[in-house]
Amino acid sequence: MAIDTLTRNRIQETLFSERNIQLDLLRLDLIHPQVSGNKWYKLKYNIQSAKENGYDTLLSFGGAYSNHLHALAWAGMEAGMKTIGIVRGDEVNNETLVDCKRWGMSLQFITREDYRHRNEETFLSHYTQKYPYAYIIPEGGNNELGIKGCKEILQDLPANDYDTIAVSTGSGATSKGLALAMKPNQKLWCFSSFRNNTELEQWMKEHHSSFDIFPVYQYGAFGKVGEEVRLFKEGFLRRHDIELDFMYTAKMMCALYHLIQEGRCENRQKILVLHTGGVQGNRGVIP
Ligand SMILES: *Cc1c(COP(=O)(O)O)cnc(C)c1O
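Counting from 47, one number per residue, gives the positions in the sequence shown under my numbering.
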């Protein structure tokens, strides 16, 4: 899984040209057909570490449409490792999970109540006892090695050309990795799909003070998509021939356009927006 060059697309809109705003979209969605977007970076060092330490299995957690489990199933298969996906909620059989199974992942469904304990030692010890050769990756690949991988997203780019980097946020691992790679005066705009962002906010205050967290749940709670986002995503596809995912990048772009409309961007601001992938998840969204 080698990345040669990352594609950037300059997005042209009257909304931007009127204000001399430059908006470039970094196409992480194009780096791999299955291990799409930021997931590639988050898994890279985790899989390497698992292999080096003699594990033969990768175990992680996610929802039924999880881009993370989807990416893990493929990446594990490529790495010659077994994979186990612990899925939140009742057993279902959607396209995401069918792919996971096809790529050799064994799935276990647990109740939403149990799933809440997914980061707790005692809960995890159940899995370490049952699967001693399984390397456990937290939900969303959100650990030190996941963050370390995301630090590399900007490494081959003239990232200094930009005043602002915009990214959609879930677990926060990608945002943290970016923050560690940015210049102190560069702004990081995190468009969060989650309601509670206190952990991320605290972390940013300690590591990269030039940040803002914009909640996007007004466009539909996590896992849901509102009408505005739906129309925005379709319009964006029509105008630019680029498919966004409903859950993260379409909500982020919708919010970003609003910020610009409201005059919250400076004239001549240069913004790099990450397309973090996740388009596979669109199959689960009813039109
Ligand atoms: C997983 C995902 C995110 C969230 O990344 P975090 O590192 O968990 O914050 C953002 N966008 C897309 C498309 C994703 O699939």
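Ideal Cβ placement from N, Cα and C applies to all residues, glycine included.
Owing to the predicted nature of the structure, the values given are computational and were not obtained by experimental measurement.
Check: Whole-angstrom distance between GLY187 and GLY122, CA atom to CA atom; Outcome: 13 Å
Check: First through last residue of the alpha helix (DSSP H) which encompasses HIS253; Outcome: 244-253
Check: Closest Cα partner of PRO230 within the set ASN206, TYR161, ALA212, GLU124; Outcome: ASN206
Check: Assigned secondary structure, GLN307 (DSSP; H/G/I helix, E/B strand, else coil); Outcome: helix
Check: DSSP-derived helix/strand/coil call for VAL81; Outcome: coil
Check: Any 3 or more C-beta pairs closer than 8 Å across the stretch 69-78 and the stretch 311-326; Outcome: yes
Check: For LEU104 and LYS128, the rounded distance between their alpha carbons; Outcome: 6 Å
Check: Residues near PRO261 by beta carbon distance below 6 Å, same chain, minus five either side; Outcome: SER238
Check: Near ligand 1: GLY131 beta-carbon under 6 Å from a heavy atom; Outcome: no
Check: Option nearest ALA235 by Cα separation, candidates ARG241, ASN242, ALA225; Outcome: Residue identity check: residue 235 is Trp in the sequence provided, not Ala. Looking at the Cα atoms, ALA225 is the closest of the given residues.
Check: Residue environment, ALA48, which counts as buried when at least 16 other CB atoms sit within 10 Å; Outcome: Its pLDDT being 49, under 50, ALA48 is placed unreliably in this model, and the value from its coordinates should be taken loosely. Answer is exposed; the Cβ neighbour count stays below 16.
Check: Option in LYS97, GLY309, GLY108 with minimal Cα separation from GLY269; Outcome: GLY108
Check: Segment contact, 8 Å Cβ cut-off, at least three pairs: the stretch 137-144 with the stretch 166-175; Outcome: no
Check: Secondary structure, beta strand (DSSP E): runs of 3+ residues fully inside the stretch 121-164; Outcome: 128-134, 151-156
Check: Beta-carbon proximity list for ASN243, same chain, < 6 Å, skipping 5 on both sides; Outcome: ILE259
Check: LYS229, DSSP secondary structure in three states; Outcome: coil
Check: Short Cβ contact (7 Å threshold) for ILE199 with TYR87; Outcome: yes
Check: Helix, strand or coil at ARG241 [DSSP, three-state]; Outcome: coil
Check: Straight-line Cα distance separating TYR294 from ASN328; Outcome: 11 Å
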